[in-house]
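Asks: Here it is: the structure, laid out below.
2 protein chains.
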Amino acid sequence: MVDIIHRVGIKAPLARVYEAVATVKGVAGWWTEETSGESKLGGTVQVLFRSHGEEKGRMSFEVQKLSPNQEVHWRCTAGPAEWLGTDVTFSLSQQGDQTLILFGHKNWREPVEFMAHCSMKWATFLLSLRDLVETGTGKPAPHDLKIDDWN
Amino acid sequence: MVDIIHRVGIKAPLARVYEAVATVKGVAGWWTEETSGESKLGGTVQVLFRSHGEEKGRMSFEVQKLSPNQEVHWRCTAGPAEWLGTDVTFSLSQQGDQTLILFGHKNWREPVEFMAHCSMKWATFLLSLRDLVETGTGKPAPHDLKIDDWN
């Protein structure tokens, strides 16, 4: 099993960062505008990505953990084969004037090229999350930064 | 052993991307302005990072492989303890109008928080590399995007 891990700091209180990762409305502000479902323990959160109006990808996650101002943990239950069963985690902590996110997309079966693509995309989405919390405007899909021929 | 892997596409010919990763002048345009040494097989490339004029970090790499328009491989021979003995690799290929870079920073001993920081920083430096090649201007340190309390 192999993991993507990233670390980013956001100049905002823990509670505002937590809200942006723990709620459907929050996630829609930085990952993809087409985020739906119920972000409650045991609930399912769905995300849909389009390019030029055409569907490019769709994933579902079961919410495994919601610890206010501390941790959000999703498990992928539908989506690309490589994502099935993987875990997405956001661990929050305060450090000075920043809220730090230790992000993980864990338990990939192999370090495939698609994982390298996703690692890069996650980094840009975490910067989008920072922009959302610090300025009020993120870059969720379909306004996301394109990084390669896979988008 | 654990690895950071990223994938990025650059709208430019292979040769221009290769030059940006295989030469000291190229690396100084996207990673850190203070890049020195000799980028030849068996040579040593040194990079130095400052924040507000103060030295923040310094690493040396032995050039293990230089395959024109295909691959660059460095091994870290001096720097932070976590980096010693790790491998930095750039594998290039052409896909349509893009040169794809499959980037790796491999053989970390543990998936420590500093690795999560470096993963995020590498993503931003790869975007800086793309900017350098596509527009002529990258964001090498000290002009790099700050991502957390470690910079």
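Line by line, the protein sequences are chains E and U. Numbering-wise, the first sequence is residues 2 to 152 according to the working numbering. Numbering-wise, the second sequence is residues 2 to 152 according to the working numbering. Just so it is clear, CB atoms sit at the ideal spot from N, CA and C, and this is done for glycine as well. All figures in this text were calculated on a predicted structure; none of them were measured in a lab.
1. Please report how far the alpha carbon of T24 of chain U lies from the alpha carbon of S40 of chain U, in whole angstroms.
2. Check each residue of the region 3-25 of chain E: if its Cβ is closer than 8 Å to any Cβ of chain U, include it; give the result in chain order.
3. For S129 of chain E, count neighbouring C-beta atoms within 10 Å of its own C-beta (all shown protein chains included) and say buried if the count is 16 or more, exposed if not.
4. Mind the definition here: the region 115-129 of chain E touches the region 62-72 of chain U only if three or more C-beta pairs lie below 8 Å; say whether that holds.
5. Classify V18 of chain U as helix, strand or coil using the three-state DSSP reduction.
6. Based on Cα-Cα distance, which residue from U:A79, U:A124, U:E114, U:K57 lies nearest to T45 of chain U?
7. In its own chain, which residues sit with a C-beta less than 7 Å from the C-beta of G30 of chain E, not counting the 5 before and 5 after it?
8. Which one of U:I102, U:G105, U:H53, U:E114 has the shortest CA to CA distance from E83 of chain U?
9. Using 9 Å as the limit for Cβ to Cβ distance, is G97 of chain E near chain U?
10. Could you tell me the distance, in whole angstroms, from the CA atom of E135 of chain E to the CA atom of K12 of chain E?
11. With a Cβ-Cβ cutoff of 9 Å, do L164 of chain U and V18 of chain U count as a contact?
12. Can you give me the C-alpha to C-alpha distance between L85 of chain U and R76 of chain U, rounded to a whole angstrom?
13. Which residues in the same chain have their Cβ closer than 6 Å to the Cβ of T90 of chain E, if we skip the five residues on either side of it in sequence?
14. Along chain E, which residues have their Cβ under 8 Å away from the Cβ of H74 of chain U?
15. For P14 of chain E, which of E:S52, E:Q96, E:E34, E:R51 has the nearest alpha-carbon?
16. Quick one: give me the first and last residue of the alpha helix (DSSP H) that D132 of chain U is part of.
17. Between the Cα of H53 of chain U and those of U:I148, U:H144, U:D149, spot the shortest distance and give me the residue it belongs to.
18. List the whole-angstrom C-beta distance separating L127 of chain U from V9 of chain U, where the pair is believed to meet the contact cut-off of C-beta under 8 Å.
19. Using a C-beta to C-beta distance shorter than 8 Å, which residues of chain E count as neighbours of D150 of chain U?
20. Note down, in chain order, every chain E residue with its Cβ under 8 Å from the Cβ of H106 of chain U.
21. At what residues does the beta strand (DSSP E) containing K26 of chain U begin and finish?
22. Can you look up A79 of chain E in the DSSP assignment and give me helix, strand or coil?
23. Judging by CA-CA distance, which residue of U:G43, U:Q71, U:T36 is the nearest neighbour of R59 of chain U?
24. Tell me which residues share the same chain as A124 of chain U and place their Cβ nearer than 7 Å to its Cβ, disregarding the 5 neighbours each side in the sequence.
25. Determine, for E114 of chain E, whether the minimum Cβ-Cβ distance to residues of chain U falls below 9 Å.
26. State yes or no: is the beta carbon of H118 of chain E nearer than 9 Å to at least one beta carbon in chain U?
27. What three-state label does DSSP hand W109 of chain E in the structure shown?
28. How far does the beta strand (DSSP E) with T1 of chain E in it extend, from its first residue to its last?
Replies: This is what the structure holds:
1. About 6 Å.
2. Flagged, chain order: V3, D4, I5, I6, H7, R8, V9, G10.
3. It counts as buried.
4. Output reads no: the region 62-72 of chain U does not touch the region 115-129 of chain E.
5. Correct three-state label for V18 of chain U: helix.
6. Of the candidates U:A79, U:A124, U:E114, U:K57, the one whose C-alpha sits nearest the C-alpha of T45 of chain U is U:A79.
7. Scanning its chain for C-beta atoms nearer than 7 Å, with the 5 sequence neighbours on each side dropped, one finds around G30 of chain E the residues A21, L133, G139, P141, in chain order.
8. The option with the nearest alpha carbon to E83 of chain U is U:E114.
9. By the rule that beta-carbons nearer than 9 Å mark a contact, G97 of chain E touches chain U.
10. Cα to Cα, the separation comes out at about 7 Å.
11. In the structure as shown, chain U starts at 2 and stops at 152, and residue 164 of chain U therefore has no counterpart that could be examined.
12. Roughly 8 Å between the two C-alpha positions.
13. Closer than 6 Å at Cβ, skipping near neighbours: H74, G105.
14. For H74 of chain U, there are no C-beta contacts with chain E under 8 Å, since the nearest C-beta of that chain is about 16 Å from it.
15. In terms of CA proximity to P14 of chain E, E:Q96 leads the group E:S52, E:Q96, E:E34, E:R51.
16. Segment 114-136, the alpha helix (DSSP H) holding D132 of chain U.
17. Nearest C-alpha to H53 of chain U: U:H144.
18. About 5 Å; that satisfies the 8 Å criterion.
19. The answer, in chain order, is G10, Q96, G97, Q99, L101.
20. Going along chain E, no residue has its Cβ under 8 Å from H106 of chain U, so there is no contact; the nearest lies around 11 Å.
21. First-last for K26 of chain U: 25-29, but that is the alpha helix (DSSP H), not the beta strand (DSSP E).
22. Strand at A79 of chain E.
23. The residue with the shortest Cα to Cα distance from R59 of chain U is U:T36.
24. So the qualifying residues of the chain are H7.
25. So, interface residue.
26. Chain U contact via Cβ: present.
27. Three-state DSSP puts W109 of chain E in a strand.
28. No answer is possible for residue 1 of chain E: the residues shown for chain E start at 2 and end at 152.
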